[in-house]
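Quick note, the sequence shown lines up with residues 1 to 371 if you use UniProt numbering.
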Amino acid sequence: MASKQQKVLFEAQKQLDSVNEQFKTLQILNEEGEVVNEAAMPELTDDQLQELMKRMVYTRILDQRSISLNRQGRLGFYAPTAGQEASQLASQFALEKEDFILPGYRDVPQMVWHGLPLSKAFLFSRGHFAGNQIPEGVNVISPQIIIGAQYIQCAGVALGMKKNNAKSVAVTYTGDGGTSQGDFYEGINFAGAYKAPAIFIVQNNRFAISTPVEAQSASRTLAQKAVAAGIPGVQVDGMDPLAVYAVVKEARERAINGEGPTLIETLTYRYGPHTMAGDDPTRYRTADLDNEWEKKDPLVRFRKFLEKKGLWSEEQENQVIEQAKEDIKEAIKEADNTPKQKVTDLITNMFETLPPNLEEQYEIYAEKESK
Ligand SMILES: Cc1ncc(C[n+]2csc(CCOP(=O)(O)OP(=O)(O)O)c2C)c(N)n1
Ligand SMILES: [Mg+2]
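Next up, the structure:
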């Protein structure tokens with residue numbers, strides 16, 4: 001005879017099954033570059049479509065050059081981005097300049113397209129303080145290294161916007177691994193409770209360094225973690241720029257209209273290593289898995305889509321590649337020409353008026369630096 005408790009558990013499982021079933025992946029453009037969901041197509045002009053492609057091509061080159069500059073010892077910390085272009089750039093493309101981005105360490109491309117000069121991105125990579133001095137009017141903060149911390153900061157920035165009646169949103173990014181952090185839950189819960197205009201993006205690239213997402217959580221999707229916070233969650237094909245753009249655009253409209261935050265999970269993949277600090281992905285990923293995801297490449301499918309519309313050519317692509325290479329060369333030169341940071345910079349950057357002990361140290365280092 002089934003006990004009462006067993007019956008409750010059975011219902012609980014049914015409830016979970018029904019939640020699982022409701023979280024489907026939104027896709028608009030399939031791997032062949034065909035529109036498979038006309039109803040969800042975002043309104044984008046031909047110019048906007050071309051601009052989005054341009055940004056993805058440009059950023060793929062930026063990634064390749066950054067890896068090579070890192071190997072030459074000309075850059076420091078770098079987290080590769082190839083594979084994640086649709087997830088990163090189509091989400092940023094749905095924002096306005098007044099929106100605020102709180103990025104993780106892999107999200108430098110969104111910062112660049114939100115207005116951060118490339119030279120600043122390179123200085124950040126080198127650990128130079130000037131890389132963290134964001135120009136006025138560029139609404140980003142430095143990439144967060146502490147996994148998930150930016151989710152709480154995002155809830156706070158969004159609440160501030162709401163209190164100021166600003167018609168803008170705060171957008172943050174973390175990875176699949178980031179959703180296991182307490183900060184992730186605290187951020188989405190707080191923003192949900194205060195209906196703050198936030199967009200929480202989870203770039204699920206299937207691995208947190210070497211830990212596969214299947215081992216990360218028992219949750220079937222990461223999008224459904226939104227349910228407990230009482231906010232909408234959506235899972236989207238993160239290799240499909242149109243789908244990513246469409247959901248972020250809609251989440252932004254909801255937020256601006258006072259309807260509160262949205263959690264968006266983008267299904268994506270990083271082709272490269274976790275960072276350039278010695279990670280070897282062949283130790284935890286198979287070549288078959290890499291191939292499977294490379295077939296989903298966002299640049300390939302968007303290129304096919306645009307070519308069919310007569311909106312993209314090899315010539316246009318080459319122009320973008322040349323432009324990217326030239327800009328990168330200039331930006332590295334600018335970073336090289338930035339005065340090296342000194343110990344006295346550390347002291348004066350931290351304090352307007354020096355406490356006596358630091359004043360003493362300042363004198364010592366100023367003396368050393370003058371030689
Ligand atoms: C609080 C905290 N714990 C651990 C780390 C070390 N760490 C750096 S990256 C990383 C994996 C994060 O994976 P994921 O969130 O999936 O992002 P991805 O790197 O795949 O973009 C970990 C554990 C950290 N930076 N911060
Ligand atoms: Mg990950």
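Positions of the beta carbon are idealized from the N, C-alpha and C atoms, including for glycine.
Could you tell me if residue 167 is buried or exposed, where buried requires 16 or more neighbouring beta carbons within 10 angstroms of its beta carbon?
-> exposed
Three-state class that DSSP yields for residue 179 in the structure shown | helix
Quick check: the segment 193-209 against the segment 247-264, are there 3 or more CB pairs under 8 Å?
-> yes
Mark residue 1 as exposed unless 16 or more other C-beta atoms lie within 10 angstroms of its C-beta, in which case mark it buried.
-> For residue 1, the predicted structure reports a pLDDT of 49, less than 50, and the residue's modelled location is therefore unreliable. A value from the coordinates is still provided. Result: exposed.
Return the residue from the list 73, 90, 66 that minimises the CA-CA distance to residue 53.
-> 90
What's the call for residue 237, buried or exposed, on a 16-neighbour Cβ count within 10 Å?
-> buried
Run through DSSP, which three-state label would residue 275 get?
-> coil
Are the segment 68-85 and the segment 320-327 in contact at 8 Å, needing three or more beta carbon pairs?
-> no
From what residue to what residue does the beta strand (DSSP E) around residue 237 run?
-> 233-237
Integer-rounded CB distance, given that residue 37 should sit under 8 Å from residue 27 = 6 Å
Residue 202 - containing beta strand (DSSP E), residue span | 198-204
For the segment 51-128, which segments carrying the alpha helix (DSSP H) assignment without a break, of at least 4 residues, lie completely within its bounds, in sequence order?
-> 108-113, 118-125
Please go through the segment 204-267 and give each complete alpha helix (DSSP H) segment of 4 or more residues, from N-terminal end onward.
-> 213-216, 226-229, 241-256
Cut-off 6 Å between Cβ atoms - residues of its own chain near residue 83, not counting five sequence neighbours on either side | 269, 270, 271
Unbroken stretches of the beta strand (DSSP E), 3 residues or longer, contained in the segment 127-165 | none
What is the rounded straight-line gap between the Cα of residue 256 and the Cα of residue 169?
-> 7 Å
Would you decide whether residue 228 is buried or exposed? Buried here means 16 or more other CB atoms lie within 10 Å of its CB.
-> exposed
Taking all protein chains shown into account, do 16 or more other C-beta atoms lie within 10 angstroms of the C-beta of residue 247, making it buried, or fewer, making it exposed?
-> buried
Under 8 Å Cβ to Cβ from residue 127, same chain only, skipping five residues before and after it: list those, please.
-> 76, 77
State the start and end residues of the unbroken alpha helix (DSSP H) segment that holds residue 294.
-> 287-294
Hey, how far is the Cα of residue 284 from the Cα of residue 352?
-> 48 Å
Can you tell me whether residue 122 is buried or exposed, with buried defined as 16 or more other CB within 10 angstroms of its CB?
-> buried
Could you check which residue in 258, 253, 239 has the C-alpha nearest to that of residue 292?
-> 239
Determine the direct distance from the alpha carbon of residue 259 to that of residue 30, and round the result to whole angstroms.
-> 31 Å
Whole angstroms is fine: what's the gap from residue 399's alpha carbon to residue 319's?
-> Not covered by the structure: residue 399. The range shown for the chain is 1 to 371.
Are residue 378 and residue 304 closer than 7 Å when you measure CB to CB?
-> The requested residue 378 does not occur in the structure, where the chain is confined to residues 1 to 371.
Using alpha carbons as the reference points, say which of 342, 112, 348 lies closest to residue 371.
-> 342
Looking at the structure shown, is residue 330 part of a helix, part of a strand, or coil, going by DSSP?
-> helix
Which residues, in chain order, sit with a beta-carbon under 6 Å away from any heavy atom of ligand 2?
-> 175, 176, 177, 205, 207, 208
Proximity below 7 Å, CB of residue 363 to CB of residue 119 | no
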